[in-house]
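full-length UniProt numbering numbers the first residue of the sequence shown as 1 and each following residue consecutively.
See below for the structure under consideration.
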Amino acid sequence: MCTLASSEFSHEAVKTHIDTVINALKTERDVSVRQRAADLLYAMCDRSNAKQIVSEMLRYLETADYAIREEIVLKVAILAEKYAVDYSWYVDTILNLIRIAGDYVSEEVWYRVLQIVTNRDDVQGYAAKTVFEALQAPACHENMVKVGGYILGEFGNLIAGDPRSSPPVQFSLLHSKFHLCSVATRALLLSTYIKFINLFPETKATIQGVLRAGSQLRNADVELQQRAVEYLTLSSVASTDVLATVLEEMPPFPERESSILAKLKRKKGPGAGSALDDGRRDPSSSDINGGVEPTPSTVSTPSPSADLLGLRAAPPPAAASAPSGTGNLLVDVSSDGPAPQPSLGPTPEEAFLSSGPEDIGPPIPEADELLNKFVCKNNGVLFENQLLQIGVKSEFRQNLGRMYLFYGNKTSVQFQNFSPSVVHPGDLQTHLAVQTKRVAAQVDGGAQVQQVLNIECLRDFLAPPFLSVRFRYGGAPQSLTLKLPVTINKFFQPTEMAAQDFFQRWKQLSLPQQEAQKIFKANHPMDPEVTKAKLLGFGSALLDNVDPNPENFVGAGIIQTKALQVGCLLRLEPNAQAQMYRLTLRTSKEPVSRHLCELLAQQF
Numbered sequence: 001m002c003t004l005a006s007s008e009f010s011h012e013a014v015k016t017h018i019d020t021v022i023n024a025l026k027t028e029r030d031v032s033v034r035q036r037a038a039d040l041l042y043a044m045c046d047r048s049n050a051k052q053i054v055s056e057m058l059r060y061l062e063t064a065d066y067a068i069r070e071e072i073v074l075k076v077a078i079l080a081e082k083y084a085v086d087y088s089w090y091v092d093t094i095l096n097l098i099r100i101a102g103d104y105v106s107e108e109v110w111y112r113v114l115q116i117v118t119n120r121d122d123v124q125g126y127a128a129k130t131v132f133e134a135l136q137a138p139a140c141h142e143n144m145v146k147v148g149g150y151i152l153g154e155f156g157n158l159i160a161g162d163p164r165s166s167p168p169v170q171f172s173l174l175h176s177k178f179h180l181c182s183v184a185t186r187a188l189l190l191s192t193y194i195k196f197i198n199l200f201p202e203t204k205a206t207i208q209g210v211l212r213a214g215s216q217l218r219n220a221d222v223e224l225q226q227r228a229v230e231y232l233t234l235s236s237v238a239s240t241d242v243l244a245t246v247l248e249e250m251p252p253f254p255e256r257e258s259s260i261l262a263k264l265k266r267k268k269g270p271g272a273g274s275a276l277d278d279g280r281r282d283p284s285s286s287d288i289n290g291g292v293e294p295t296p297s298t299v300s301t302p303s304p305s306a307d308l309l310g311l312r313a314a315p316p317p318a319a320a321s322a323p324s325g326t327g328n329l330l331v332d333v334s335s336d337g338p339a340p341q342p343s344l345g346p347t348p349e350e351a352f353l354s355s356g357p358e359d360i361g362p363p364i365p366e367a368d369e370l371l372n373k374f375v376c377k378n379n380g381v382l383f384e385n386q387l388l389q390i391g392v393k394s395e396f397r398q399n400l401g402r403m404y405l406f407y408g409n410k411t412s413v414q415f416q417n418f419s420p421s422v423v424h425p426g427d428l429q430t431h432l433a434v435q436t437k438r439v440a441a442q443v444d445g446g447a448q449v450q451q452v453l454n455i456e457c458l459r460d461f462l463a464p465p466f467l468s469v470r471f472r473y474g475g476a477p478q479s480l481t482l483k484l485p486v487t488i489n490k491f492f493q494p495t496e497m498a499a500q501d502f503f504q505r506w507k508q509l510s511l512p513q514q515e516a517q518k519i520f521k522a523n524h525p526m527d528p529e530v531t532k533a534k535l536l537g538f539g540s541a542l543l544d545n546v547d548p549n550p551e552n553f554v555g556a557g558i559i560q561t562k563a564l565q566v567g568c569l570l571r572l573e574p575n576a577q578a579q580m581y582r583l584t585l586r587t588s589k590e591p592v593s594r595h596l597c598e599l600l601a602q603q604f
């Protein structure tokens with residue numbers, strides 16, 4: 001039956017017996033029969049019945065024989081990821097796994113949920129809220145503490161606006177578990193604490209008190225002692241800017257073969273790969289879970305369950321390298337340091353090339369949508385399809401910027417003649433200078449290469465440069481044109497102003513051509529904390545006690561270019577009852593006002 005379920009010709013027929021198989025899983029006395037029933041449910045699962053099968057397997061897990069619990073956990077984890085229509089369900093499923101069978105949830109499983117949450121902006125707030133609630137249970141498994149420590153350390157700010165999950169409450173909840181955990185988990189929690197100091201300055205004194213305690217500074221375990229000493233010194237000596245740079249949000253993880261699937265194959269023994277892997281392709285599972293389109297028979301492709309977000313390694317500092325096993329998993333997930341951050345000035349010794357005009361095709365249809373996701377953030381996945389994933393990590397200061405592009409080969413076949421380049425449409429080159437570093441012409445299967453871009457804003461600009469990527473895959477030429485996530489607001493420097501100065505400057509920018517205003521319907525839930533985070537990500541300083549209406553947001557900043565500076569004032573008026581916004585921007589240059597208004601309005 002498992003073989004038939006794995007065939008696209010008989011899969012639908014086998015699915016009609018799902019109730020019989022579920023009944024056997026629940027009632028059969030023979031453990032070997034129940035195990036075969038679990039195998040069959042795994043084989044017959046597709047997007048149409050995934051939630052039912054995962055739910056039944058979770059229910060069975062509560063009373064399952066100890067001999068097969070780990071295998072059931074691995075199967076549930078794989079199915080939840082492979083067939084997740086939305087990742088909030090995936091997060092709920094993995095947290096339920098930890099709650100029901102925490103002792104059998106291997107490191108590969110909880111590492112995986114951390115990486116998916118890190119790489120998916122749309123689920124980060126939900127994950128933080130859900131794991132916070134899970135940690136409130138009187139007794140929770142240590143794996144739940146690990147997941148909670150990491151997620152709250154990275155994304156706790158997304159739920160900090162609720163008094164029930166304020167920064168002090170988050171810290172107290174995590175620290176209440178500290179003394180009950182192993183050394184490895186305590187080390188992870190110490191890393192979370194130093195992240196909290198960066199995210200929530202109001203917790204600094206409390207956390208420094210914990211780090212300064214004799215039980216930490218004189219801890220018998222050298223790892224805990226070293227972390228306590230280093231984190232205490234870092235929080236005391238480093239400036240706010242340095243602390244923010246060192247402790248910035250983790251970048252997206254690169255793609256690698258799924259270690260969860262590999263572990264399940266090892267448990268099933270040799271020859272099990274075809275049954276567990278992709279003997280049957282689910283045509284509906286390619287939208288968000290890395291499904292593979294048909295390719296020529298001479299070209300091998302990865303499993304639909306492949307670890308596209310990079311379980312085994314953090315982004316390498318330079319050229320491609322294949323996965324090197326699972327020994328460094330904890331380092332990747334718990335790492336406190338950011339990616340290499342050279343200075344933002346030009347570095348001729350690195351052989352940067354000035355980009356220039358090139359004959360390329362038009363950007364892909366979704367290029368504007370992909371660009372829009374980066375208006376208020378600097379890190380994330382810019383593009384992903386069945387062959388290639390492109391991640392971005394960048395920082396900007398004054399009129400200079402540095403961007404790291406990570407190109408990941410999602411297949412098992414080497415890319416040939418790999419050539420990414422930056423192209424300036426029209427006269428953009430006179431407004432924006434971009435120097436690109438050469439990358440290797442070959443990208444091995446499952447590997448990743450990094451490209452460094454030096455960026456200088458010469459004058460205000462309205463259109464972003466293009467990123468053109470060309471390579472050969474399986475002998476066939478491939479080409480892709482995207483819009484590089486470099487918008488004028490990246491050179492926005494926040495400016496603090498008193499209320500009197502703000503209104504005086506607001507009146508000075510009163511000419512009709514200096515103002516741009518837009519009234520629009522809210523496209524997302526109107527959460528004040530999310531709105532505040534987006535405005536700060538946009539680059540503006542938020543000014544408190546300036547607007548008579550406390551529900552409104554007022555900001556100020558300066559667009560920094562080499563040629564001139566453009567002052568900017570903004571006011572955002574939300575109307576929760578009507579689910580509408582009114583956005584007003586005033587700058588000293590008419591095109592900048594209109595462009596900033598359009599960019600920011602699309603975020604709400």
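C-beta: ideal position from N, C-alpha, C; glycine also.
- Within the DSSP bridge table, the entry for serine 419 names Arg470 as partners.
- Taking a C-beta distance under 9 Å as the contact criterion, alanine 563 and serine 540 do not qualify as a contact pair.
- A Cβ-Cβ separation of about 7 Å places glutamine 442 in contact with phenylalanine 418 under the 8 Å criterion.
- Its Cα nearest to that of alanine 440, the residue Gln448 stands out among Gln448, Pro168 and Ala433.
- Taking every protein chain shown into account, the CB of tyrosine 104 has 16 or more other CB atoms within 10 angstroms, so this residue is buried.
- Taking all protein chains in view, the Cβ of asparagine 549 is surrounded by fewer than 16 other Cβ atoms within 10 Å, so the residue is classified as exposed.
- Going by DSSP, phenylalanine 538 is part of the alpha helix (DSSP H) stretching over 528-538.
- The beta carbon of arginine 438 sits closer than 6 Å to no other beta carbon from its chain once the five residues preceding and following it are set aside.
- With a contact defined as Cβ atoms closer than 8 Å, phenylalanine 604 and threonine 531 qualify at about 7 Å.
- Using a Cβ-Cβ distance cut-off of 8 Å, the region 112-124 and the region 143-155 are in contact, since at least three pairs of beta carbons, one from each stretch, lie closer than that value.
- Glutamate 70 counts as buried, since no fewer than 16 other beta carbons sit within 10 angstroms of its beta carbon.
- Linking asparagine 545 to alanine 533 through their CA atoms gives a straight-line distance of about 18 Å.
- The Cβ atoms of isoleucine 53 and leucine 79 sit closer than 9 Å to each other.
- Taking C-beta separations shorter than 6 Å and ignoring five residues to either side along the sequence, the partners of serine 165 in its chain run Phe132 and Ile159, following chain order.
- For arginine 227, the enclosing alpha helix (DSSP H) has its first and last residue at 222-237.
- Note: glutamine 493 is bridge-paired with Ile558 in the DSSP secondary-structure output.
- Take the alpha-carbon of proline 425 and the one of glycine 102: they are about 54 Å apart.
- When only Cα atoms are considered, threonine 93 and glutamate 28 end up about 25 Å apart.
- Scanning the region 359-421 for uninterrupted alpha helix (DSSP H) segments of 4 residues or longer gives 367-372, listed from N- to C-terminal end.
- Leucine 428 is a Cβ neighbour of phenylalanine 461, given a cutoff of 9 Å.
- Classified as buried, proline 363 has 16 or more neighbouring CB atoms from the shown chains inside 10 Å of its CB.
- Considering only Leu174, Leu535, Thr430 and Leu467, the residue with the shortest C-alpha distance to arginine 459 is Thr430.
- With a beta-carbon spacing of about 7 Å, leucine 388 and tyrosine 407 fall inside the 8 Å limit used to define contacts.
- In this structure, leucine 211 places its C-beta atom within 9 Å of the C-beta atom of alanine 228.
- Here proline 548 is not bridged, per DSSP, to any residue.
- Glutamine 579 counts as exposed, since fewer than 16 other beta carbons sit within 10 angstroms of its beta carbon.
- Under the 8 Å Cβ criterion, the region 185-202 counts as touching the region 217-228, having at least three qualifying pairs.
- Annotated three-state conformation of threonine 63 is coil, per DSSP.
- In the three-state scheme derived from DSSP, where H, G and I count as helix and E and B as strand, methionine 44 is classed as helix.
- Here the region 579-596 lies against the region 504-518, with 3 or more beta-carbon pairs under 8 Å apart.
- When secondary structure is reduced to three states using DSSP, threonine 481 falls in the strand class.
- Within the region 106-155, the alpha helix (DSSP H) runs of at least 4 residues that lie entirely inside it are, in chain order, 107-119, 121-135 and 142-155.
- Between alanine 24 and valine 14, the C-beta spacing is not below 9 Å.
- Burial check for alanine 601: the Cβ neighbour count within 10 Å reaches 16 or more, so the residue is buried.
- Between the alpha carbons of aspartate 368 and valine 392 lies a distance of about 16 Å.
- Assigned with DSSP and collapsed to three states, glycine 214 falls in helix.
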